[in-house]
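Now the structure itself:
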């Protein structure tokens, strides 16, 4: 997600976001508030502890102020997935050192799941610390140029060259590291056009980035090629990789299982089909929203940054 927020920040924005589609003037008010909230989340990263949860012998879920990270340790060097915000880098390095125990230092690899700032903000600092950055080629392209997010009327400038991935790929890339095989696979446009998953074969851990918001309506970046159809396809692609024992790491929210991801997929499919039927019948975006096609899910997942009305608008526009 571009503006980079943890679950609490999502909840704080929920009330304001609820009026985005229904009241254009309130959309302007929300857009004005986003830079301040993003700046606060960015600043908070310096003091937010990075919590490490062990998922396998040498793999950890790392959670701080930004998106969920994953860490593999070992004698061949650490593998880190995503880098939170720039101020979080010292906290991240501390977490890596603590998890690695007495393992000798070796060059590390940083893998970006996509281009949004709460997942790549620490790229430059980690590159300076010796990490080589891997990502889909579109991530490098977006980080090296200014990007506009229309829904928030905001533009993100190009990042410094030190934050750009130096190893990129188009469809898939295999990495052997610390006794495991890592598959890096492009989802095709879903949350953005830069999304990838990372599957640790031996450990059976799957990081799917922001193609899954566990417990929340997902943010779909229309300006970066995201769409509801792409999100559904991404969930299907991840489900084909996972089994009942796979530990699935979402971009935001708690660690999940294949069953949790299946429920997310089914929710997206149900909402997509309802909104598509309304649109096909000639309903305008406002009329579709008024029909409350997300009503069955709002109580559980509608209290984050996007409530049901806003999510309906995103689905309608990206069909």
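In the working numbering, the protein residues as written are 1 to 319. Glycine residues also receive a C-beta, built at the ideal position from the N, C-alpha and C atoms. Given the structure is predicted, the values throughout are model-derived calculations rather than measurements.
With H, G and I counted as helix, E and B as strand and the rest as coil, what does DSSP make of residue i?
i: residue 279; result: helix
i: residue 262; result: helix
i: residue 298; result: helix
i: residue 177; result: strand
i: residue 228; result: helix
i: residue 126; result: helix
i: residue 223; result: helix
i: residue 72; result: strand
i: residue 268; result: helix
i: residue 138; result: helix
i: residue 185; result: strand
i: residue 117; result: helix
i: residue 54; result: strand
i: residue 150; result: helix
i: residue 246; result: coil
i: residue 313; result: helix
Return the CA-CA distance between residue i and residue j, expressed in angstroms with no decimal places.
i: residue 266; j: residue 184; result: 25 Å
i: residue 110; j: residue 80; result: 5 Å
i: residue 152; j: residue 317; result: 15 Å
i: residue 75; j: residue 41; result: 34 Å
i: residue 280; j: residue 169; result: 38 Å
i: residue 121; j: residue 319; result: 30 Å
i: residue 226; j: residue 177; result: 31 Å
i: residue 321; j: residue 77; result: This structure cannot settle anything about residue 321, because the visible part of the chain is limited to 1 through 319.
i: residue 52; j: residue 278; result: 45 Å
i: residue 143; j: residue 126; result: 15 Å
i: residue 148; j: residue 167; result: 25 Å
i: residue 294; j: residue 305; result: 15 Å
i: residue 219; j: residue 130; result: 32 Å
i: residue 241; j: residue 268; result: 19 Å
i: residue 61; j: residue 84; result: 13 Å
i: residue 23; j: residue 275; result: For residue 23, the pLDDT reaches just 42, beneath the cut-off of 50, and the residue's location in the model is therefore unreliable, although a value from the coordinates is still provided. Approximately 20 Å between the Cα atoms of the pair.
i: residue 119; j: residue 210; result: 9 Å
i: residue 100; j: residue 134; result: 21 Å
i: residue 68; j: residue 94; result: 16 Å
i: residue 301; j: residue 264; result: 10 Å
i: residue 106; j: residue 291; result: 56 Å
Count the other CB atoms within 10 Å of the CB of residue i; is the residue buried (16 or more) or exposed (fewer)?
i: residue 272; result: buried
i: residue 171; result: exposed
i: residue 303; result: buried
i: residue 244; result: exposed
i: residue 139; result: buried
i: residue 157; result: exposed
i: residue 47; result: exposed
i: residue 203; result: buried
i: residue 256; result: buried
i: residue 113; result: buried
i: residue 299; result: exposed
i: residue 88; result: buried
i: residue 128; result: exposed
Taking 8 Å as the limit between beta carbons, can you name the residues of its chain near residue i, skipping five residues before and five after?
i: residue 21; result: Per-residue confidence for residue 21 stands at a pLDDT of 38, beneath the threshold of 50, marking its modelled position as unreliable; the derived number appears in the next sentence. Taken in chain order, the residues that qualify are 27, 285, 286, 289, 309, 310, 312, 313.
i: residue 49; result: 64, 91
i: residue 229; result: 272, 318, 319
i: residue 96; result: 71, 73, 78, 80, 108
i: residue 201; result: 180, 181, 182, 183
i: residue 124; result: 86, 159, 160, 162, 163
i: residue 223; result: 147, 148, 149, 150, 151
i: residue 206; result: 197, 198, 199, 200, 238, 241, 242, 246, 247, 248, 249
i: residue 283; result: 291
Spell out whether any CB of chain B is found under 8 Å from the CB atom of residue i.
i: residue 51; result: Given the protein chain composition of this structure (a single chain), no chain B is represented.
Excluding sequence positions up to five away, which residues of its chain have a Cβ less than 6 Å from the Cβ of residue i?
i: residue 208; result: 197, 238
i: residue 57; result: none
Quick one: is the Cβ of residue i within less than 7 Å of any heavy atom of the ligand SAM?
i: residue 113; result: Ligands in the displayed structure: none, and consequently the ligand SAM is not present.
Once the 5 residues before and after residue i are set aside, which same chain residues still bring their CB inside 7 Å of it?
i: residue 146; result: 155, 156, 157, 158
i: residue 14; result: Note on residue 14: pLDDT 37, under 50, position unreliable in the model; the coordinate value appears next. Taken in chain order, the residues that qualify are 303, 304, 305, 307.
i: residue 45; result: 64, 65, 66, 84, 85, 87, 88
Original post:
Would the region 188-205 and the region 226-239 be scored as touching if the rule is three or more Cβ pairs under 8 Å?
Top reply: yes
Original post:
Counting Cβ pairs closer than 8 Å, one from the region 207-223 and one from the region 249-264, do we hit at least three?
Top reply: yes
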